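Read through the structure below, which is laid out as structure tokens, and then see the notes.
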């Protein structure tokens with residue numbers, strides 16, 4: 010049997026090869042390191058996983074599509090963006106993962122997100138593979154007509170690569186209900202098919218699922234609550250800091266409040282707000298979802314309990330819980346040190362890879378419960394899969410049923426991660442537990458299906 014140290018040496022060589030084969034993709038390198046550095050125990054214990062080519066296939070996408078997206082702005086000027094779809098692994102089911110429209114999007118970002126999606130989707134137990142897509146298009150400040158023309162051009166290429174049994178995109182940063190509607194309309198127009206299951210995150214009146222907008226935020230809080238229960242505590246009376254003010258952050262705050270915690274922050278690129286009385290959700294939704302404003306307006310209209318801090322770090326605010334819900338690598342080592350000094354008990358990732366590797370290690374060394382995004386924020390894709398099931402049956406479930414299913418899935422994910430970590434000698438390490446549990450499910454399916 011191969012020893013753990015020998016296995017780790019092999020994995021280290023593979024990581025070097027990944028960096029060589031995928032130059033200038035730091036986000037993908039980071040995601041691959043985060044997973045592979047935890048796999049030595051399971052690969053050493055199960056020789057079939059050391060089969061030549063298995064992990065090499067896992068880190069290489071099955072398909073990468075890059076395409077031109079031309080569109081006209083309201084002044085008649087032709088603009089050109091770049092579109093991506095990385096279909097990473099379909100061993101467990103059709104590719105599933107969102108579309109991100111943001112200026113930061115490039116191939117490395119999409120590959121990082123797609124790689125994470127493999128394990129996240131596997132943890133749900135719902136039979137969906139991993140993929141991701143998007144464009145460097147920025148919908149902010151664009152008119153509805155411009156966004157529609159862009160989405161129609163984007164789908165004119167993407168449609169040939171997706172389908173309810175092939176690849177099912179959803180929303181992500183910059184892709185909400187408006188964008189999904191335009192994308193679905195163009196897909197329907199081109200294909201002449203009402204194939205509701207081809208996209209998730211749809212409007213409730215035309216194939217969407219109740220609780221889908223809330224699912225990622227709700228699921229993250231449910232995972233955080235499960236981690237706290239392992240510590241003999243619950244969320245009642247705990248103070249929480251939340252970053253971001255988009256969909257994930259808003260519904261994270263909503264569920265924290267419902268479970269008795271006091272969420273005191275929100276943020277955007279301009280800075281952050283601290284509200285000692287707890288964030289007023291109605292006001293935040295009005296400013297961010299209706300007016301598309303900035304969080305400084307929240308502080309101006311909330312009154313004496315709230316203050317706006319331009320720039321700075323939301324992680325400077327003392328709290329029992331931290332839920333990063335904005336973007337990747339927003340919580341670094343210095344922020345983690347501050348959280349630890351302020352007595353944080355748990356960190357649960359609502360965004361994708363928002364915590365740097367150095368920060369993760371520091372939090373774990375300090376005994377802080379840490380919920381990695383591939384486990385903690387899996388609620389969004391879980392309810393997307395439930396939306397696919399409703400579409401397939403041409404039915405619609407009640408909000409109570411969807412929320413009950415979501416709670417069961419998040420509880421199961423927590424249990425799986427916790428028990429897997431203990432089984433491989435890393436009790437309380439949810440990163441190791443999530444990575445190994447997701448890997449086992451995907452690797453077993455890949456081995457059963459042959460070298461493809």
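In our numbering, the protein residues as written are 10 to 461.
For each residue, glycine too, the CB sits at the ideal point set by N, CA and C.
Since we're looking at a predicted model, the values are computed, not measured.
Who are the Cβ neighbours of residue i in its own chain at under 6 Å, not counting the five residues just before and after it?
i: residue 126; result: 106, 139 and 141
i: residue 334; result: 251, 252, 253, 257, 258, 261, 359 and 360
i: residue 53; result: 11, 13 and 16
i: residue 205; result: 216 and 400
i: residue 36; result: 117, 118 and 121
i: residue 327; result: 351
i: residue 182; result: 109 and 111
i: residue 137; result: 102, 105, 130 and 394
i: residue 43; result: none
i: residue 367; result: 342
Ignore the nearest five residues each way along the sequence and tell me which others in residue i's own chain have a CB closer than 7 Å to its CB.
i: residue 415; result: 220, 224, 227, 228, 388, 391 and 392
i: residue 277; result: 254, 303 and 304
i: residue 72; result: 96
i: residue 373; result: 379 and 438
i: residue 323; result: 250, 252, 274, 276 and 281
i: residue 57; result: 456
i: residue 421; result: 134
i: residue 454; result: 100 and 101
Is residue i helix, strand or coil when you go by DSSP?
i: residue 137; result: coil
i: residue 96; result: strand
i: residue 406; result: coil
i: residue 144; result: strand
i: residue 364; result: strand
i: residue 34; result: coil
i: residue 383; result: helix
i: residue 391; result: helix
i: residue 176; result: strand
i: residue 201; result: coil
i: residue 464; result: Lying outside 10 to 461, the shown extent of the chain, residue 464 is not represented and no answer is given.
i: residue 276; result: strand
i: residue 117; result: helix
i: residue 308; result: helix
i: residue 161; result: helix
i: residue 81; result: strand
i: residue 319; result: strand
i: residue 108; result: strand
i: residue 281; result: strand
i: residue 343; result: helix
i: residue 326; result: coil
i: residue 443; result: helix
i: residue 243; result: coil
For residue i, which of the options has the nearest alpha-carbon?
i: residue 185; options: 52, 217 and 242; result: 217
i: residue 89; options: 121, 447, 159 and 30; result: 159
i: residue 268; options: 324, 196, 130 and 248; result: 248
i: residue 65; options: 102, 342, 35 and 24; result: 24
i: residue 246; options: 312, 329 and 39; result: 329
i: residue 167; options: 74, 202, 137 and 132; result: 74
i: residue 448; options: 124, 301 and 434; result: 124
i: residue 384; options: 308, 425 and 367; result: 425
i: residue 314; options: 362, 331, 284 and 366; result: 284
i: residue 115; options: 100, 94, 210 and 101; result: 94
i: residue 419; options: 288, 296, 231 and 287; result: 231
i: residue 355; options: 240, 135, 222 and 174; result: 240
i: residue 188; options: 156, 207, 263 and 39; result: 156
i: residue 21; options: 38, 266 and 32; result: 38
i: residue 173; options: 191, 265 and 197; result: 197
i: residue 132; options: 377, 460, 63 and 441; result: 441
i: residue 175; options: 295, 190, 208 and 370; result: 208
What whole-angstrom Cβ distance do residue i and residue j have, given they're in contact under 8 Å?
i: residue 290; j: residue 270; result: Not confirmed; about 13 Å, so no contact.
i: residue 275; j: residue 292; result: Actually they do not touch by this definition, with Cβ atoms about 10 Å apart.
i: residue 177; j: residue 397; result: 6 Å
For residue i, which residues of its own chain have a beta-carbon under 8 Å away from its beta-carbon, when the five flanking residues on both sides are left out?
i: residue 129; result: 139, 382, 383, 384, 386, 387, 390 and 447
i: residue 154; result: 83
With three or more C-beta pairs closer than 8 Å as the rule, is the region 231-246 touching the region 393-409? Because the criterion of three Cβ pairs below 8 Å is not met, the region 393-409 and the region 231-246 do not touch.
With contact counted as at least three CB pairs below 8 Å, one residue from each stretch, are the region 144-163 and the region 99-113 in contact? yes
When the Cβ atoms of the region 406-413 are set against those of the region 428-439, are three or more pairs found closer than 8 Å? no
Is it true that the region 33-47 meets the region 341-352, where meeting means three or more beta-carbon pairs spaced less than 8 Å apart? no
How about the region 161-179 and the region 76-92: do they share at least three Cβ pairs that are nearer than 8 Å? The count of Cβ pairs closer than 8 Å, one atom from the region 161-179 and one from the region 76-92, reaches three, so the stretches are in contact.
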